[in-house]
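Numbering (our numbering), first residue to last: 488 to 574.
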């Protein structure tokens, strides 16, 4: 046991916990008293939160990349205008 690092010990313990959980499920026992409705509610909430986060991040990135909001960006826009590369 002295030769094992912490990561190996943690992964091994988690593996045994997962195997014990699967064994309990196979025999119709629930290790955690969670109903199916609670799982569905949690899944819906996580989906909504993930979807909102994705939308907000992609919107901000798209806005930031396609608008000249920094001083460097304004300089780039001016150079593009001088070269006739913008509308």
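The C-beta atom is built at its ideal place from N, Cα and C for all residues, glycine as well. Computed from a predicted model, the values in this text were never measured in an experiment.
So, under 8 Å CB-CB, residue 564 and residue 573 are touching, yes? Tell me the CB distance rounded to an integer number of Å.
As a working mapping, residue 564 is identified with position 77 in the chain shown. As a working mapping, residue 573 is identified with position 86 in the chain shown. In this structure residue 564 is in contact with residue 573, their Cβ atoms being roughly 7 Å apart against a cut-off of 8 Å.
Classify residue 556 as helix, strand or coil using the three-state DSSP reduction.
Numbered from its first residue, the chain shown carries residue 556 at position 69. In this structure, residue 556 counts as coil in the three-state DSSP scheme.
At the level of alpha carbons, what is the spacing between residue 519 and residue 534?
On the chain shown, residue 519 is found 32 positions in, with the first residue counted as 1. On the chain shown, residue 534 is found 47 positions in, with the first residue counted as 1. Cα to Cα, residue 519 sits roughly 22 Å from residue 534.
Collapsed DSSP secondary structure at residue 575 in the structure displayed
No statement about residue 575 is possible, as the shown extent of the chain runs from 488 to 574 and does not include it.
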